[in-house]
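Residue numbers (UniProt numbering): 1 to 291. Virtual Cβ for every residue (Gly too), placed ideally from N, Cα, C.
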């Protein structure tokens with residue numbers, strides 16, 4: 001694109017009919033870029049025929065100021081065309097770093113793919129990937145946000161105080177992550193690697209992990225998904241609405257009912273909302289039993 005400025009004496013971009021006529025009278029031969037030449041025939045024909053397709057706003061009367069404002073509309077398509085591509089660029093790179101065929105993997109292959117994943121920068125700071133745990137034949141699935149320090153050390157989601165609270169919540173509805181002596185539940189996070197210092201997940205990181213979570217859901221085939229925490233909700237439901245506005249309703253992810261509730265770590269900080277979380281679990285039970 002920089003070769004458009006090689007001939008400063010003859011290349012003046014995006015001139016109107018009047019400006020082109022003035023330059024023709026001065027003996028300046030106007031050169032147009034290839035893209036513009038393809039749009040209009042810049043042959044040695046009368047100037048009005050060459051400029052007619054350009055048809056810029058008639059209010060432009062300053063020849064010297066015309067190139068700057070006129071160049072912006074011409075640059076806009078390039079910017080708007082590149083902007084959407086700029087977001088998927090990391091994803092395209094990630095596809096090369098992430099094993100192909102995630103959507104067809106079985107459990108062992110999927111877990112191995114997660115363990116070897118280098119699709120985002122979190123692979124450089126993690127100790128362990130946190131794949132998931134629980135009953136893979138269950139009808140309940142719990143989706144959390146991202147691993148914390150304890151999860152990163154042990155390679156298992158929801159450990160520590162938040163994990164103990166989750167286990168208590170599951171027992172209250174007759175379930176456990178092991179499924180021994182009770183109904184089971186499968187537990188996974190949106191992110192499989194811990195963000196440094198437990199910072200919030202970045203959109204690019206969530207996007208790179210989404211294929212893994214989608215495959216876990218497809219393999220479990222749950223009747224109900226309980227989304228715990230803001231980032232789990234945003235990832236599954238593609239919304240930025242706060243949890244308080246999404247609670248009490250049945251949402252859908254790939255056809256599977258989704259119940260929104262608070263993350264156990266939040267409930268430890270805000271015990272008053274534990275009653276609301278219990279209401280959400282009751283809604284999950286009612287929804288699953290009605291299927």
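Subject >> Three-state class that DSSP yields for residue 257 in the structure shown >> reply: strand
**OP:** Output the distance between the C-alpha atoms of residue 238 and residue 219, rounded to the nearest integer angstrom.
**Re:** 21 Å
**OP:** Would you mind listing the alpha helix (DSSP H) stretches within the UniProt domain "Uracil-DNA glycosylase-like" (131–282) that are 4+ residues and don't spill past its ends, in chain order?
**Re:** 149–154, 160–172, 203–220, 230–237, 243–246 and 264–269
Original post:
So what's residue 99 in DSSP terms, helix, strand or just coil?
Top reply: In the structure shown, residue 99 sits in coil (DSSP, three-state: anything other than H, G, I, E or B).
Original post:
Apart from the five residues just before and just after residue 157, which ones in its own chain have a Cβ nearer than 7 Å to its Cβ?
Top reply: 130, 132, 133, 144, 147, 151, 187, 188 and 189
Subject >> DSSP-derived helix/strand/coil call for residue 105 >> reply: DSSP places residue 105 in the coil class of the three-state scheme, outside both helix and strand.
Subject >> Nonlocal neighbours in the same chain, by C-beta distance under 8 Å from residue 288, ignoring five residues either side >> reply: 139, 140, 223, 224 and 257, listed in sequence order.
Original post:
Would you call the region 199–209 and the region 171–182 touching, i.e. three or more CB-CB distances under 8 Å?
Top reply: no
Subject >> Contact under 7 Å by Cβ, residue 162 with residue 264 >> reply: yes
Original post:
For residue 106, is the classification buried or exposed, using 16 other Cβ atoms within 10 angstroms of its Cβ as the cut-off for buried?
Top reply: exposed
**OP:** Please name the residue in 245, 119, 115 and 291 whose C-alpha comes closest to that of residue 276.
**Re:** 245
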